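Enquirer: Before I ask anything, let me first share the structure, which is written out below as structure tokens.
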Amino acid sequence: MFGICNLAVIPLRAETSDRSEQISQVLFGETFEVIEQHLQWRKIKLAYDGYEGWIDQKQFFEITPEQYQQIQNASPEYSYDLVEFIADEKKSLSMIPLGASLAFLSIPEINTSKYTFDGQKISGTQPKSNLLTTAFMYLNVPYLWGGKTPYGIDCSGFTQMVYQLNGYQLLRDASQQATQGEALSFIEESEPGDLAFFDNADGNIIHVGIMMEHNYIIHAHGKVRVDRLDHLGIFNVDTQRHTHRLRVIKRII
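Per our numbering, the very first residue in the sequence shown carries number 33; after that it's consecutive.
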């Protein structure tokens, strides 16, 4: 079984309960394979990054394997404003967030609600310099564990969405993203758009942010914010103390 998210955003949970931890989110237009069923719950594997979790069966639209493949073959296209609207054939409006997938709208047998979209879009591979332009669209968005939208976002959801909107693929979690790209030897080698990773006392990668010029970093910590970065880690400009210990800087593109 295959499905597509036809709501603005739905929680992807660790277990089969509304009280279970939200480990990520599924945005409008995202597709997935259903790999397990339990009562009202469906365990899914997202097409984009292979991430797995549980969603409520009432919160998606089933599509055929052929329709699923059609969407995978289509050129990715995303909503590119903090909040936009789609209209169905009855002119009823629904909100969709920055990063909602729009590729299926041009496939009539999937777009059975006849959604139309007249807002800002982004598609294709953008220059690396556009990563920070996109990142600043999320500035001051509140931190939310498992979040991927302007309503709330976590550190790796932030970096993944920024890269995704510009045509580059990152895995979902910070520890997974740290396996991608080429490690740099010094902070001074970094370019705007490179990723900085941070670990805990056990050596596990627990945080990620996007490098800016002049040793600044934009990252999700309490909210999406800008702080200083030195050889020790992130120096919070408000509290005047270090908050995260630098492990490695990676160049993805």
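A virtual CB, placed ideally from N, CA and C, is assigned to each residue, including glycine. Since this is a predicted model, take the numbers as computed values, not measurements.
For residue 189, which of helix, strand or coil comes out of DSSP?
Expert: helix
Enquirer: Locate the alpha helix (DSSP H) running through residue 209, then write down its first and last residues.
Expert: 206–209
Enquirer: In the DSSP output, which residue or residues are listed as bridge partners for residue 202?
Expert: Looking at the DSSP assignment, residue 202 forms no beta bridge with any residue, so it has no partner.
Enquirer: Would you check if there are 3 or more beta carbon pairs closer than 8 Å linking the stretch 42–62 to the stretch 175–187?
Expert: yes
Enquirer: Do residue 44 and residue 82 have their C-beta atoms closer together than 7 Å?
Expert: no
Enquirer: Can you find the residues in the same chain that come closer than 8 Å, C-beta to C-beta, to residue 67, ignoring five residues on each side of it along the sequence?
Expert: 75, 76, 77 and 84
Enquirer: Pull the bridge partners of residue 171 from the DSSP assignment, please.
Expert: Answer by DSSP bridge pairing: none, since residue 171 is not bridged.
Enquirer: Does DSSP put residue 165 in a helix, in a strand, or in coil?
Expert: The DSSP-derived three-state label of residue 165 is helix.
Enquirer: What are the partner residues of residue 277, as DSSP defines its beta bridges?
Expert: For residue 277, the pairing in a beta bridge is given by DSSP as 231 and 265.
Enquirer: Tell me where the alpha helix (DSSP H) around residue 102 begins and ends.
Expert: 97–105
Enquirer: Would you mind working out which of 192, 121 and 79 sits nearest residue 105, comparing C-alpha positions?
Expert: Nearest option by C-alpha distance: 79.
Enquirer: Quick check: the stretch 98–116 against the stretch 148–161, are at least 3 beta-carbon pairs closer than 8 Å?
Expert: yes
Enquirer: Once the 5 residues before and after residue 167 are set aside, which same chain residues still bring their CB inside 6 Å of it?
Expert: 194, 242 and 250
Enquirer: Quick check: what's the CA-CA separation for residue 72 versus residue 59?
Expert: 20 Å
Enquirer: Measuring only the C-alpha atoms, how far is residue 165 from residue 96?
Expert: Answer to the nearest angstrom: the Cα atoms are 37 Å apart.
Enquirer: What does a CB cutoff of less than 6 Å around residue 38 pick up in its chain, not counting 5 residues either side in sequence?
Expert: 93
Enquirer: Residue 155 bridges to which residues according to DSSP?
Expert: 109
Enquirer: Rounded to whole angstroms, what's the CA-CA distance from residue 205 to residue 198? Just pull it up for me.
Expert: 18 Å
Enquirer: Out of 238, 247 and 272, which has the shortest C-alpha to C-alpha gap to residue 188?
Expert: 238
Enquirer: Measure the alpha-carbon distance for residue 48 versus residue 87 and round it to whole angstroms.
Expert: 8 Å
Enquirer: When burial is assigned at 16 or more other CB atoms within 10 Å of the CB, is residue 192 buried or exposed?
Expert: buried
Enquirer: Please go through the same chain and pick out, in chain order, the residues whose beta-carbon is closer than 6 Å to the beta-carbon of residue 70, but skip the five residues on each side of it.
Expert: 48
Enquirer: Please report the distance separating the alpha-carbon of residue 101 from that of residue 183.
Expert: 30 Å
Enquirer: Might you give, ordered along the chain, the residues of its own chain that have their beta carbon closer than 7 Å to the beta carbon of residue 33, omitting 5 neighbours on each side?
Expert: 66 and 94
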